[in-house]
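Below is one structure, written out as structure tokens; the observations come after it.
Protein chains: 2
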Amino acid sequence: MSDDGPKPIRIGLLGRGNVGAAFAELLAERAVAVEAATGRRPELAGVLTRSEGDFSEILASSDLVVELMGGIDPAKEYVIDALRAGKPVVTANKQLLAQHGDELFGIAREAGVQLRFEAAVAGVIPIVRTIQESFGVTKIEKVFGIVNGTTNFILSEMAASGAGYDEVLKQAQELGYAEADPSDDVSGADAAAKMAILARLAFHTPVTLAEVPYEGIEAIQPDDLAYAKELGLSLKLLGVAERRDGGISVRVFPCFLYRGHPLAPIEGPFNAVMVEAPAITEVTMSGPGAGGIQTASAVLGDVVSILAGEAPVHETRTELPIVADVSSSFYLYLEVADQPGVLARVATVLGDHDVSVKSVVQRGAGEEARLVMVVHECLESRFAAAIQALGELPELRAPARSIHVIEEQF
Amino acid sequence: MSDDGPKPIRIGLLGRGNVGAAFAELLAERAVAVEAATGRRPELAGVLTRSEGDFSEILASSDLVVELMGGIDPAKEYVIDALRAGKPVVTANKQLLAQHGDELFGIAREAGVQLRFEAAVAGVIPIVRTIQESFGVTKIEKVFGIVNGTTNFILSEMAASGAGYDEVLKQAQELGYAEADPSDDVSGADAAAKMAILARLAFHTPVTLAEVPYEGIEAIQPDDLAYAKELGLSLKLLGVAERRDGGISVRVFPCFLYRGHPLAPIEGPFNAVMVEAPAITEVTMSGPGAGGIQTASAVLGDVVSILAGEAPVHETRTELPIVADVSSSFYLYLEVADQPGVLARVATVLGDHDVSVKSVVQRGAGEEARLVMVVHECLESRFAAAIQALGELPELRAPARSIHVIEEQF
Chain A
25 MSDDGPKPIR IGLLGRGNVG AAFAELLAER AVAVEAATGR RPELAGVLTR SEGDFSEILA
85 SSDLVVELMG GIDPAKEYVI DALRAGKPVV TANKQLLAQH GDELFGIARE AGVQLRFEAA
145 VAGVIPIVRT IQESFGVTKI EKVFGIVNGT TNFILSEMAA SGAGYDEVLK QAQELGYAEA
205 DPSDDVSGAD AAAKMAILAR LAFHTPVTLA EVPYEGIEAI QPDDLAYAKE LGLSLKLLGV
265 AERRDGGISV RVFPCFLYRG HPLAPIEGPF NAVMVEAPAI TEVTMSGPGA GGIQTASAVL
325 GDVVSILAGE APVHETRTEL PIVADVSSSF YLYLEVADQP GVLARVATVL GDHDVSVKSV
385 VQRGAGEEAR LVMVVHECLE SRFAAAIQAL GELPELRAPA RSIHVIEEQF
Chain B
25 MSDDGPKPIR IGLLGRGNVG AAFAELLAER AVAVEAATGR RPELAGVLTR SEGDFSEILA
85 SSDLVVELMG GIDPAKEYVI DALRAGKPVV TANKQLLAQH GDELFGIARE AGVQLRFEAA
145 VAGVIPIVRT IQESFGVTKI EKVFGIVNGT TNFILSEMAA SGAGYDEVLK QAQELGYAEA
205 DPSDDVSGAD AAAKMAILAR LAFHTPVTLA EVPYEGIEAI QPDDLAYAKE LGLSLKLLGV
265 AERRDGGISV RVFPCFLYRG HPLAPIEGPF NAVMVEAPAI TEVTMSGPGA GGIQTASAVL
325 GDVVSILAGE APVHETRTEL PIVADVSSSF YLYLEVADQP GVLARVATVL GDHDVSVKSV
385 VQRGAGEEAR LVMVVHECLE SRFAAAIQAL GELPELRAPA RSIHVIEEQF
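If you read the sequences in order, they're chains A and B.
Sequential numbering of the first sequence, starting at 25, is according to our numbering.
Sequential numbering of the second sequence, starting at 25, is according to our numbering.
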């Protein structure tokens, strides 16, 4: 064999699903560009699938491992073996990082090798790199956004067409924007895993999936979206991680946004993330949230960064407490008896709980009578108590419905 | 002196204006975070101002140089001296990079030290890092956006208030969004320097300021903005760098955007940049375009990256030709005689030049009669020829006014 330049960099690929196949193709297509950028030509050392390949053999012949299998077992074991063998790892596995991040980052630090994961959050949007590197020493106050494309597509379609959740979900499945079993996406669990990862990076504190409460979009009614439109609101499934009262709050929930909000125009299967800090004001990044080729691009960006030089292995620095009770503005939908004095009684109950009304519309008559309102920011525990007290009113014909709102001046 | 850990990293600061002073303050404030992230405590080795400090002394005692003086002389000489002395340099100096990038990057490569410049383009938005690192091997088709906050503020205010350019410029100066001499901003020259830098990064080809044609906002009329509103358009000063016909096109010009465009909602002194490539679809990033503390944050991000590890020194890879004649959609404003058949004559002239009308409104009567239209995308040379031919029509009461438009489906 002749020696014609630097040795190629050998990549072990674990998984050949949608993203894995796209990555293999993109790697071949961009091999010349990778060599130009890093001085080393990349080539696949081997591919592990459910039916083919042997992990130990692939690991032994790889300089770097790309894990695109998903799931915890056996992905976790493979990532750990690779790191312990001194091989840098790139992964798109949000569940693995959200559930076992501490252990994996610790092993990577011990071994002195990189573990990169841009593709695990918000697809091709470089939010992981931005938070870790550009804003690595910035005191971030808040990271929030739309981190699940499936639910954003469903909510956009429901708002545009007036159709119900089930109908739009079926449409999303037909278009490939939702999986056959969509529960991870529509329940908010997928977004919660991503927010756990972003919170860890932004606040340098360990956060695991189990610490992120989440609420999905399954219960959203077309009626809510119709009224919201009248009020100038659009609905998004938001993930929010923020400093609160000396600790942090990390959650996922459906939330109305006023038209002027930077996230309001994000429609369809797109993601968008905002970072807020006094020193940067706010930075917003948006793009496709998923897709094989887009996710593969994010993976390739990480591979190139590893080849091009060293970057710091993420390390947590402090242990901040998780704060559960935070304040928020709310949308409130009440089916009420059509009789004089109803609004006064409702307002009195809200006032007794220090919940103040920002705007209200009365609609319909008789069996169709309802009050729709937005209340100013208040502690969630107070609002929950107010809702419970409203439930005692004989004038209420059905349980109150409520949804978070971000106020115009946020 | 006792030895209590790794040696501090000594930073030589050139310039103590708005950004320089903010950087010195931010560095002190975040010193602990920098040490946590990089293992080394930063401290100022010295500050060079117009009246104080000696460059040679500061350089000799620095591990890293931050250049925030602006201008070409003596900044260029200082940056070169620092690089040749093996000291990494962080700069926010867009004019320096846009005019002398080839020379400076070449010296940095030769010396094997980093030259970083995130703060030179779009303030705190991490567009330089994103293009260089995340999308470093992506075949980027187009980079474009709002890269000057002063002009975006002026255009936003003109559209909102109906006031004229001069009045709004004065207001921007009072608010600190425009300088006493605003010519660099309002002429488009500042944006052109930034686009030269972005084009170099995106396309790996040398581009200098002299190769970027630019047009400013001084001639924009309140009337244009009022009609545009009726057509659902908003006006932005856009910088565009894109692959065209085997080469690239890099330009700055005022441009209407339809309401659904991701850049349309960017108001006030904000910047926003979009990157398009088949493998990523599109990614949009927005945030404050300037401001002392925000720019200082971008500078600090670069300093931390240098301390944390090696990143590649940018190298151009190919020499792509500059393409001058590209296609675009246009807004066209014609003051016409109030008589039958005018629209037909105008449409005939446009049709003769293969320029096709997308939408048109006729307004006013007598001396106030005018035609306002949007035409579909066509080669600029064709459109210019059509405009010239329109000038021959006796029915035109004044020279035609035209402004670029990005069509809804772009």
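The beta-carbon is built from N, C-alpha and C at its ideal position, and this holds for glycine as well.
Worksheet item: Under a CB-based cut-off of 8 Å, is Phe159(A) close to chain B?
Response: Working through the first sequence from its first residue, we reach residue 159(A) at position 135. Chain B, which has a Cβ nearer than 8 Å to the Cβ of Phe159(A), makes this yes.
Worksheet item: If we cut at 8 Å on Cβ distances, does Ser405(A) have a partner in chain B?
Response: Within the first sequence, the letter at position 381 stands for residue 405(A). Not closer than 8 Å to any Cβ of chain B, the Cβ of Ser405(A) fails to qualify, so no.
Item to complete: Please name the residues in the stretch 309-336 of chain A whose beta-carbon is closer than 8 Å to at least one beta-carbon of chain B, in chain order.
Response: Met309, Ser310, Gly311, Pro312, Gly315, Ile317, Gln318, Ala320, Ser321, Ala322, Leu324, Gly325, Val328, Ser329, Ala332, Gly333, Glu334, Ala335 and Pro336
Worksheet item: What does DSSP give as the partner residues of Ser383(A) in its beta bridges?
Response: Here the question's residue 383(A) lines up with position 359 in the first sequence. Its beta-bridge partners are Val398(A).
Discussion item. Give me the DSSP bridge partner(s) of Ile33(B).
Written reply: For the purposes of this step, residue 33(B) is identified with residue 9 of the second sequence, where counting begins at 1. For Ile33(B), which the question treats as bridged, DSSP gives the partners Pro66(B).
Worksheet item: Can you name, in chain order, every residue of its own chain whose Cβ lies under 7 Å from the Cβ of Phe407(B), other than the five neighbours on each side?
Response: The residue labelled residue 407(B) in the question sits at position 383 within the second sequence. Around Phe407(B): Phe354 and Val379.
Worksheet item: Where do the N-terminal and C-terminal ends of the beta strand (DSSP E) with Ile430(A) fall, by residue?
Response: Mapped onto the first sequence, residue 430(A) falls at position 406. It spans Arg425 to Ile430 - the beta strand (DSSP E) in which Ile430(A) sits, taken as one unbroken run.
Worksheet item: At which residue ranges does the stretch 207-248 of chain B contain complete alpha helix (DSSP H) runs of 4 or more residues, listed in the order of the chain?
Response: 207-210 and 213-227
Worksheet item: So Glu203(A) is in the beta strand (DSSP E); what residue range does that whole segment cover?
Response: Looking up residue 203(A) in the first sequence gives position 179. Here Glu203(A) belongs to no beta strand (DSSP E), and DSSP marks it neither H nor E.
Worksheet item: Is the stretch 130-141 of chain A touching the stretch 158-174 of chain A in the sense that three or more CB pairs, one from each, lie closer than 8 Å?
Response: no
Worksheet item: Starting from Met182(B) and walking both ways along the alpha helix (DSSP H), at which residues does that stretch end?
Response: Position 158 of the second sequence, counted from the first residue, corresponds to residue 182(B). First-last of the alpha helix (DSSP H) with Met182(B): Gly173 to Ser185.
Fill in: In DSSP terms, what Pro278(B) is bridged to
Counting from 1 along the second sequence, the entry for residue 278(B) is found at position 254. Paired residues: Leu261(B).
Practice prompt. Alpha carbon to alpha carbon, how far is Leu37(B) from Gly315(B)? Give it in angstroms, no decimals.
Written response: Working through the second sequence from its first residue, we reach residue 315(B) at position 291. Working through the second sequence from its first residue, we reach residue 37(B) at position 13. The alpha-carbon atoms of Gly315(B) and Leu37(B) are separated by roughly 18 Å.
Worksheet item: Would a check of beta-carbon distances place Ile178(A) closer than 8 Å to chain B?
Response: Numbered from its first residue, the first sequence carries residue 178(A) at position 154. No, because no Cβ of chain B sits closer than 8 Å to the Cβ of Ile178(A).
Item to complete: Work out the CA separation of Glu266(B) and Gly390(B) for me, nearest whole Å.
Response: Taking the first residue of the second sequence as position 1, residue 390(B) is located at position 366. Taking the first residue of the second sequence as position 1, residue 266(B) is located at position 242. Taking the straight line from one Cα to the other gives about 43 Å.
Discussion item. Report the CB separation of Val261(B) from Leu199(B) in whole angstroms; it is logged as a contact under 8 Å.
Written reply: Taking the second sequence and counting its residues from 1, the one referred to as residue 261(B) is at position 237. Taking the second sequence and counting its residues from 1, the one referred to as residue 199(B) is at position 175. The question names Val, yet the displayed sequence has Leu at residue 261(B). Not confirmed; about 18 Å, so no contact.
Worksheet item: With 8 Å set as the bound, which would you pick, yes or no: does the beta-carbon of Pro293(A) sit closer than that to a beta-carbon of chain B?
Response: As a working mapping, residue 293(A) is identified with position 269 in the first sequence. Not an interface residue.
Worksheet entry | Under the three-state DSSP convention, the category Thr73(A) falls into | Within the first sequence, the letter at position 49 stands for residue 73(A). Correct three-state label for Thr73(A): coil.
Item to complete: State the CB to CB distance for the pair Glu419(A) and Ala361(A), rounded to an integer number of angstroms; the pair is presumed to be in contact (CB under 8 Å).
Response: Within the first sequence, the letter at position 395 stands for residue 419(A). Within the first sequence, the letter at position 337 stands for residue 361(A). Yes, Glu419(A) and Ala361(A) are in contact; Cβ-Cβ is about 4 Å, under 8 Å.
Worksheet item: Along chain A, which residues have their Cβ under 7 Å away from the Cβ of Val366(B)?
Response: As a working mapping, residue 366(B) is identified with position 342 in the second sequence. Under the 7 Å cutoff, chain A gives no residues; its nearest Cβ is about 38 Å from Val366(B).
Fill in: For Leu356(B), the first and last residue of its enclosing beta strand (DSSP E)
Residue 356(B) sits at position 332 when you count from the first residue of the second sequence. Leu356(B) -> beta strand (DSSP E) spans Ser351 to Glu359.
Worksheet entry | Residue-level contact to chain A via CB, Leu193(B), 8 Å cutoff | What you label residue 193(B) is simply residue 169 of the second sequence in a count that begins at 1. False, the Cβ-Cβ gap to chain A never drops below 8 Å.
Discussion item. What residue range does the alpha helix (DSSP H) around Glu81(B) cover?
Written reply: As a working note, residue 81(B) is residue 57 in the second sequence. It spans Phe79 to Ala84 - the alpha helix (DSSP H) in which Glu81(B) sits, taken as one unbroken run.
Worksheet entry | Start and end residues, beta strand (DSSP E) containing Lys166(A) | Translated into the one-based positions of the first sequence, residue 166(A) becomes position 142. Residues Lys166 to Ile170.
Discussion item. Pull the bridge partners of Gly271(B) from the DSSP assignment, please.
Written reply: Numbered from 1 along the second sequence, position 247 holds the residue referred to as residue 271(B). Paired residue(s): Arg268(B).
Fill in: Rounded C-alpha distance that separates Thr73(A) from Ala204(A)
Here residue 73(A) refers to the residue found at position 49 of the first sequence. Here residue 204(A) refers to the residue found at position 180 of the first sequence. Going from the Cα of Thr73(A) to the Cα of Ala204(A) covers about 22 Å.
Discussion item. If I follow the unbroken alpha helix (DSSP H) through Phe129(B), where does it start and stop?
Written reply: Mapped onto the second sequence, residue 129(B) falls at position 105. Note, Phe129(B): alpha helix (DSSP H), Lys118 to Ala135.
Discussion item. Quick check on Gly316(B): does DSSP put it in helix, strand or coil?
Written reply: Here the question's residue 316(B) lines up with position 292 in the second sequence. Gly316(B): helix per DSSP, three-state reduction.
Worksheet entry | Residue from Ile33(A), Glu101(A) and Pro345(A) with nearest C-alpha to Glu235(A) | Sequence index remark: in the first sequence, residue 235(A) carries index 211 (1-based). Nearest of Ile33(A), Glu101(A) and Pro345(A) to Glu235(A), Cα basis: Pro345(A).
Discussion item. Taking contact to mean 3 or more Cβ pairs, one atom from each stretch, closer than 8 Å, check whether the stretch 206-225 of chain B and the stretch 114-125 of chain B are in contact.
Written reply: yes
Discussion item. Using the Cβ count rule (16 or more neighbours within 10 Å means buried), how would you classify Gln156(A)?
Written reply: As a first step, residue 156(A) is located in the first sequence; it is residue number 132 there, counting from the start. It counts as buried.
Discussion item. So the candidates are Ala252(B), Asn172(B) and Pro246(B); which of them puts its Cα closest to the Cα of Gly263(B)?
Written reply: Residue mapping note: residue 263(B) aligns to position 239 of the second sequence, counting from 1. Checked all of Ala252(B), Asn172(B) and Pro246(B); the closest Cα to Gly263(B) is Asn172(B).
Fill in: Proximal residues, the stretch 49-79 of chain A versus chain B, C-beta separation under 7 Å
Leu50, Arg54, Ala57, Val58, Ala60 and Ala61
Discussion item. Just checking: is the beta-carbon of Glu235(A) within a distance shorter than 8 Å of some beta-carbon in chain B?
Written reply: By one-based count along the first sequence, residue 235(A) stands at place 211. No, no contact with chain B.
Worksheet item: What number of angstroms, rounded off, separates the C-alpha of Ala184(B) from the C-alpha of Ala48(B)?
Response: Counting from one through the second sequence, the residue named residue 184(B) turns up at place 160. Counting from one through the second sequence, the residue named residue 48(B) turns up at place 24. Whole-angstrom Cα-Cα distance: 38 Å.
Item to complete: Mind the definition here: the stretch 244-262 of chain A touches the stretch 271-279 of chain A only if three or more C-beta pairs lie below 8 Å; say whether that holds.
Response: yes
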